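With our numbering applied, the sequence shown covers 1264 to 1750. In what follows, a single structure is set out as C-alpha cells and then discussed.
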Amino acid sequence: MESGGTSFAKATIRGTFWSYLSVYTGKLLVFISTIILARLLSKADFGVVGYAFIVTSFLDALNGLGIGPALIYHKDEPETADTAFWLGLAVGIGMFAVTWLAAPLIGAYFNDERAIPVVRMMVLVYPISALGNVNAIYLAKKLDFRKKFIPEVSYAFAKGISSVGMAAMGFGYWSQVWGQVIANTVSVAVAKIVNPWKPSLRFSRKIAGSMLKYGLNIVLLDSLANLLNNADYLLIGHYLGAEALGVYTLGFRIPDMVLTQFARIVSEVIFPVYVKMKDNAQNLNRNFVRSLNYVSTITIPIGLGIALTAEPFVMTFFTDKWVEAIPVIRGIAIYALLLSLFRNAGSFYKAQGKPEVLTYLTIARLIILLPALWIALMRTQSITAVAWVQAGVALISGVMSLVVAARMFQIKVKDILVQYQPGILSGLAMSAAVLGVLALLRQAPALARLLAAVFSGMMVYGGALWLQGPERMRDTLGKIISALRGS
1264 MESGGTSFAK
1274 ATIRGTFWSY
1284 LSVYTGKLLV
1294 FISTIILARL
1304 LSKADFGVVG
1314 YAFIVTSFLD
1324 ALNGLGIGPA
1334 LIYHKDEPET
1344 ADTAFWLGLA
1354 VGIGMFAVTW
1364 LAAPLIGAYF
1374 NDERAIPVVR
1384 MMVLVYPISA
1394 LGNVNAIYLA
1404 KKLDFRKKFI
1414 PEVSYAFAKG
1424 ISSVGMAAMG
1434 FGYWSQVWGQ
1444 VIANTVSVAV
1454 AKIVNPWKPS
1464 LRFSRKIAGS
1474 MLKYGLNIVL
1484 LDSLANLLNN
1494 ADYLLIGHYL
1504 GAEALGVYTL
1514 GFRIPDMVLT
1524 QFARIVSEVI
1534 FPVYVKMKDN
1544 AQNLNRNFVR
1554 SLNYVSTITI
1564 PIGLGIALTA
1574 EPFVMTFFTD
1584 KWVEAIPVIR
1594 GIAIYALLLS
1604 LFRNAGSFYK
1614 AQGKPEVLTY
1624 LTIARLIILL
1634 PALWIALMRT
1644 QSITAVAWVQ
1654 AGVALISGVM
1664 SLVVAARMFQ
1674 IKVKDILVQY
1684 QPGILSGLAM
1694 SAAVLGVLAL
1704 LRQAPALARL
1714 LAAVFSGMMV
1724 YGGALWLQGP
1734 ERMRDTLGKI
1744 ISALRGS
C-alpha cells in the first residue's frame, strides 16, 4: 500500500516524464529546425512571424473559454464532454472570424502590412484544434500521458518538417506560418486515432454554465498572463520593428524550449494530481511543498547553465549572424528559471478552487511590469534591458505568490525556502566551475568551450547535490525510476 506522498511523487514524475518526453522529442526536432531556419531566414522574417505569434498567444487564453481545465475539474460524465466540445468549436470558429476582420488593425499597430495576411492564416489553427481538444483533454484527465505523448510528438514532427521544407523552397516567413497550420491538422487527426472519442448532439445549458463559471476565471487569468508574457513582444514590435523583434524572438526561444516548457509541463501534470487531493488539505499542502524541491533541483542547473553558456552556444549553432541574441538569452534564462521555481503555486490555487487568487496576483505583476518595460525600452532602446526587466519582475512576483500561498493555506515560509536550498547551493558551485572553465578556454573553439562547460557543470552540480544529502538524492532517484517503470 503506497503512502499519499509516494503515490503523489510517482504520479507527478511519471506524468512529467511522458509530457516532457513528448515535448522534448518534438523540441529536439524544433531545435534542429530552428538552427536551419535561422540560417535560411532573415532576422526580419522571424520578426514578421513574431507578429502572428503575439496575436495567437493572446488568443490562446480565450481558446475554449477555459473549458479544458474546467473539463478536468468537473466529474467525468458523457454529457459534460459533449457540451465542452460544442462550446470549444463555437469559440474556435468565432475567434477565427473576429481576428480575420481585425487583422488590418493589427498591421497598423505594428506599422507593417505583412502582419495582416500572416495573422489571418495563423488563426486558422483555432477551429482546427477545437476538433480534437476534448480527445486530448480526456487523456490528461485520466493521467494517461503515454498516449498523450503521441499527438504531441506528431505535432512537433509535422511542424519541423513542413517549416524547414518550405523554407528551403524559398517561402520565407510563410514557411513557419504554414508549419503551424499543418502541424495542428496532423495533431488533431492523431489525437482522434489515439483516443477515438466522438461527440454526440447533446448540449446542457446547466453544465455549460457551470463550466463557464469555472473556466472564465481561468480565461481571465490566462488573458492577464498572456499580456504579461507578451508585453515585451508588443513593445519591441511596435517601437523597434521586425528585425529587433526577430532577434528577441530567437533569444527567447532557447530558454523557452527548455525551462518554460518544463514549468508548463509540470503545471499541466500536477493540476489533475492536486485536484484528486483537494479534499485532503493537509496532504495537498505537504505535497505542494515537496514539489518545489523536485522542480528546483532540475531547473536551477538548467537555467544557470543556459545563461552561462549563451555565447559559445549561439556561436556554435546560430553563428555570429545572431550575436545580438546572446545577452537576451542570458536575461531570459534567469527569467524562465524564476518562473519555473514559482509556477506550481498556480496549480495549487486552482486545485483549491481559488483561481481568482491567481488573477489578483497576475494583476499585481502586470502593474509592476508594464511601466518597467516601457521605461526600460524608452530609455535604452535595448532588447537586452527588456530581458533583464522581465527577470527582475519575475523574482518580485514569484516571491509574492509563495508568500500569499503560505498565508492562505497555513504553510510556513521556512518550509518552502528549505526546499530550494539544495538546488541553490549546488547551482552556485556549478556556476563557479563553469565560469572558471570558460575563462581557461577563452581561446578555444566555441564548440569545445560549450562541451567543456556543460560537462564540468554537470559533474560539479551532481557532486554538490550529493554532498548535501546522499540519502535524499537516492530516495528521489528511486522514486523517479519506480515511477518511470510504472510500478
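Quick reminder that beta carbons are idealized off the backbone N, C-alpha and C, glycines included. Source: prediction; values computed, not measured.
Backbone secondary structure at residue i - three-state DSSP
i: Ala1746; result: Residue confidence is low: Ala1746 scores 46 on pLDDT, short of 50, so the model does not pin down where it sits. Its coordinate-derived value is still stated next. Ala1746: helix per DSSP, three-state reduction.
i: Ser1559; result: helix
i: Met1264; result: With a pLDDT of 45 at Met1264, under the threshold of 50, the modelled position of that residue is not reliable, and no figure is offered here.
i: Thr1572; result: coil
i: Met1432; result: coil
i: Glu1506; result: helix
i: Gly1370; result: helix
i: Arg1553; result: helix
i: Ser1473; result: helix
i: Trp1729; result: helix
i: Gly1313; result: helix
i: Lys1306; result: helix
i: Trp1460; result: coil
i: Pro1518; result: helix
i: Phe1581; result: coil
i: Pro1634; result: helix
i: Asn1398; result: helix
i: Pro1564; result: helix
i: Asp1375; result: coil
i: Lys1617; result: coil
i: Pro1341; result: helix
i: Ser1426; result: helix
i: Pro1414; result: helix
i: Gln1524; result: helix
i: Ser1467; result: coil
i: Gln1707; result: Position check: residue 1707 holds Ala in this sequence, whereas Gln was assumed. Coil at Ala1707, not helix or strand.
Own chain, CB closer than 6 Å to residue i, minus 5 neighbours either side, in chain order
i: Trp1651; result: Gly1594
i: Pro1575; result: Ala1709, Arg1712, Leu1713
i: Leu1402; result: Lys1410, Lys1411, Asn1458
i: Ser1559; result: Leu1604, Tyr1683, Gly1686
i: Gly1226; result: Nothing about residue 1226 can be reported from this structure: the residues present for the chain run from 1264 to 1750 only.
i: Leu1567; result: Gly1690, Ser1694
i: Ser1417; result: Val1449, Ser1450, Val1453
i: Tyr1355; result: Checking the sequence shown, residue 1355 turns out to be Gly, not Tyr. Closer than 6 Å at Cβ, skipping near neighbours: Tyr1389, Pro1390, Ala1393.
Cβ neighbours of residue i in the same chain (closer than 7 Å, five flanking residues each side left out)
i: Tyr1372; result: His1501
i: Glu1734; result: none
i: Ile1563; result: Leu1600, Gly1686, Ile1687, Gly1690
i: Val1656; result: Arg1628, Ile1631, Leu1632, Ala1635
i: Val1451; result: Ile1391, Ser1392, Leu1394, Gly1395
i: Phe1309; result: Gly1509, Thr1512, Leu1513
i: Ala1494; result: Leu1632, Leu1633, Leu1636
Residue i - containing alpha helix (DSSP H), residue span
i: Ser1694; result: 1676-1703
i: Lys1455; result: 1437-1457
i: Arg1670; result: 1646-1671
i: Ala1378; result: 1378-1385
i: Pro1390; result: 1388-1393
i: Ala1596; result: 1589-1605
Contacts around residue i, its chain only, beta-carbon distance under 8 Å, and the 5 residues preceding and following it disregarded
i: Thr1523; result: Ala1599, Leu1602, Ser1603
i: Val1388; result: Thr1319, Gln1443, Val1444, Asn1447
i: Gly1732; result: Pro1685
i: Phe1359; result: Val1386, Leu1387, Tyr1389, Pro1390
i: Leu1483; result: Thr1622
i: Leu1322; result: Met1358, Thr1362, Val1386, Tyr1389
i: Met1264; result: Residue confidence is low: Met1264 scores 45 on pLDDT, short of 50, so the model does not pin down where it sits. Its coordinate-derived value is still stated next. Result list for Met1264: empty, nothing under 8 Å.
i: Ala1366; result: Ala1378, Ile1379, Pro1380, Val1382, Arg1383
i: Ser1486; result: Phe1321, Ala1324, Leu1325
Nearest-angstrom Cβ-Cβ length linking residue i and residue j, presumed shorter than 8 Å
i: Ala1669; j: Ile1659; result: The Cβ separation is near 16 Å, so there is no contact.
i: Ile1391; j: Ile1379; result: Wrong, their Cβ atoms sit about 20 Å apart, outside the cutoff.
i: Gln1644; j: Leu1555; result: Their Cβ separation, rounded to whole angstroms, is 38 Å, which puts Gln1644 and Leu1555 out of contact at 8 Å.
i: Arg1465; j: Glu1342; result: 5 Å
i: Val1717; j: Thr1572; result: 7 Å
i: Val1591; j: Ile1646; result: 6 Å
i: Ile1597; j: Ala1570; result: 6 Å
At least 3 beta-carbon pairs within less than 8 Å: the segment 1666-1683 vs the segment 1516-1524: Here the segment 1666-1683 does not lie against the segment 1516-1524, with fewer than 3 beta-carbon pairs under 8 Å apart.
Contact the segment 1427-1441 vs the segment 1490-1500: 3+ CB pairs below 8 Å: No, the segment 1427-1441 does not touch the segment 1490-1500.
Using 8 Å as the Cβ pair cut-off and three pairs as the minimum, do the segment 1633-1652 and the segment 1686-1704 touch? Three or more beta-carbon pairs separated by less than 8 Å are not found between the segment 1633-1652 and the segment 1686-1704, which leaves the two stretches without contact.
Is it a yes or a no for the segment 1566-1585 touching the segment 1633-1650, going by three-plus beta-carbon pairs under 8 Å? no
Given 8 Å, three or more beta-carbon pairs between the segment 1458-1471 and the segment 1295-1315: no
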